[in-house]
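Heads up, the thing below is written out as structure tokens.
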Amino acid sequence: MFVTRFAPSPTGRLHKGHAFSALTAWSAVNVTGGRFVLRIEDIDPTRCRAEYEAGILEDMAWLGLDWETPVRRQSDHLDDYGAVIESLTARGLLYRCFRTRKDILASIGDAPHGAMEAARPGPHPADEEARLLASGAPFAWRLSLDRAREALGDAVWNGLSFVEEGEGPNGETGLVAVDPEAAGDVVLARKDTGVAYHLAVTHDDALQGVSHVIRGQDLFEATHVQRLIQTLMGWPAPTYRHHRLLAGPDGRRYAKRDRSVTLAELRAGGLTPQALRAELGFSFDD
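And the structure:
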């Protein structure tokens with residue numbers, strides 16, 4: 003069955019770029035039949051707000067979209083992600099990293115072989131780790147690429163790939179080879195949130211039976227590490243469709259951090275959902 007999803011984070015109101023992505027995924031389901039899943043990815047407690055989540059539902063309904071209920075809210079399922087972290091830790095695939103982002107960035111200039119090694123800091127010496135744990139210092143769980151390669155074997159490691167039915171930012175399409183080392187020893191969980199994006203999204207895609215991941219080209223590179231996680235966990239590999247990113251009149255792509263005009267503001271200004279759908283290239287009966 004064709005299953006896709008729209009998975010926004012409630013860190014602000016939706017803008018035209020979100021509308022384009024949601025309509026792209028929703029329209030694909032309506033053409034093929036299947037299921038459209040709305041997922042709220044709210045694992046960041048410092049930025050996610052209930053009023054933004056309510057705004058997402060309001061904006062989606064205004065656009066004329068419908069979705070399965072209940073909506074999965076990631077913050078309600080931290081124990082699920084914790085169980086995966088425990089599993090990976092028991093297999094020796096994760097290590098505690100007490101280094102801050104500032105520490106990692108500072109080490110890039112000192113790395114003898116460049117930034118790749120700096121993005122793979124490796125475990126702390128046992129005595130140092132014990133001291134830091136005893137002090138209560140915050141840490142992240144990082145995926146060890148060395149141990150992951152050992153677990154999978156060179157044949158699987160070198161043969162990782164994904165099917166791209168859309169197009170990557172450099173025109174990538176068809177069968178795309180995965181570079182499992184692209185993101186270094188990626189963080190899969192943090193002490194404050196319990197889980198990081200890559201682990202939560204791959205877990206939920208598998209749990210919800212997502213067959214096609216439809217999303218913007220800004221997330222194309224994330225597919226490399228996500229395919230590695232899927233393989234390590236034995237989760238199915240979705241087909242990917244990365245779509246173009248919308249840009250505003252100033253040529254900059256729509257983004258929350260740039261305070262792009264929101265759908266709520268456009269609606270207050272008199273824009274109708276029919277007009278917006280037509281502007282974005284979508285037409286369907288009300």
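Quick note on this note's numbering: the sequence shown kicks off at 3 and runs consecutively.
Don't be surprised by glycine CBs; every beta carbon is placed ideally from N, CA and C.
Beta-bridge partners of residue i, as assigned by DSSP
| i | result |
| --- | --- |
| H214 | T241 |
| L177 | V165 |
| A142 | C99, R192 |
| R41 | R74 |
| T264 | H17 |
| R93 | Answer is none; R93 lacks a bridge partner. |
| R255 | A249 |
| V5 | R37 |
Cβ-based neighbour list, residue i, same chain, cut-off 6 Å, excluding 5 preceding and 5 following
| i | result |
| --- | --- |
| G66 | P275 |
| L40 | F8, W69, V73 |
| A185 | V227 |
| T175 | E166, E169 |
| W28 | F38, L67 |
| T48 | none |
| N32 | none |
Straight-line gap, residue i to residue j (C-alpha atoms, nearest Å)
| i | j | result |
| --- | --- | --- |
| S11 | R37 | 20 Å |
| L90 | P240 | 21 Å |
| G283 | S163 | 31 Å |
| T204 | K104 | 27 Å |
| A225 | R144 | The identity of residue 225 in the sequence shown is Thr, whereas the question assumes Ala. Each residue's Cα considered, the two are about 17 Å apart. |
| D194 | G94 | 22 Å |
| E223 | D129 | 36 Å |
| T71 | G14 | 22 Å |
| C50 | L209 | 23 Å |
| S285 | R279 | 6 Å |
| D206 | L268 | 32 Å |
| E43 | H79 | 11 Å |
| T233 | G155 | 12 Å |
| L201 | D187 | 13 Å |
| H2 | Q76 | Because the chain in this structure spans residues 3 to 288, residue 2 falls outside the shown range and cannot be described. |
| G173 | A92 | 39 Å |
| I87 | L190 | 8 Å |
| W159 | A150 | 9 Å |
| D82 | A24 | 26 Å |
| V133 | P238 | The residue asked about is misnamed: residue 133 is Arg in this sequence, not Val. Roughly 40 Å between the two C-alpha positions. |
| E152 | S146 | 10 Å |
| S137 | A277 | 58 Å |
| G236 | G161 | 15 Å |
| L273 | G250 | 16 Å |
| G271 | E53 | 21 Å |
Cβ-based neighbour list, residue i, same chain, cut-off 8 Å, excluding 5 preceding and 5 following
| i | result |
| --- | --- |
| A30 | F4, T6, H214, I216, R243 |
| G211 | M3, V5, R37 |
| D46 | S11, T13, T195 |
| E60 | A266 |
| E131 | R98, F100, P125 |
| A139 | F100 |
Buried or exposed by the 16-neighbour rule on C-beta atoms within 10 Å, applied to residue i
| i | result |
| --- | --- |
| L135 | exposed |
| D148 | exposed |
| T34 | exposed |
| G57 | buried |
| T264 | buried |
| A63 | exposed |
| A157 | exposed |
| A142 | buried |
| N55 | First, the amino acid is wrong: residue 55 is Glu here, not Asn. So E55 ends up on the buried side. |
Sequence-distant residues of its chain with Cβ nearer than 7 Å to residue i (five each side left out)
| i | result |
| --- | --- |
| P171 | Q219, F222 |
| F22 | L248, L282 |
| G84 | G196 |
| R192 | A142, A198 |
| T26 | I216, H245 |
Report yes or no: do three or more beta-carbon pairs, one from the segment 96-109 and one from the segment 124-131, lie closer than 8 Å? Taking a cut-off of 8 Å for Cβ pairs, the segment 96-109 and the segment 124-131 touch, as three or more such pairs fall below it.
The segment 223-236 contacting the segment 174-187, beta-carbon criterion three pairs below 8 Å: The segment 223-236, when compared against the segment 174-187, does touch it at the 8 Å Cβ threshold.
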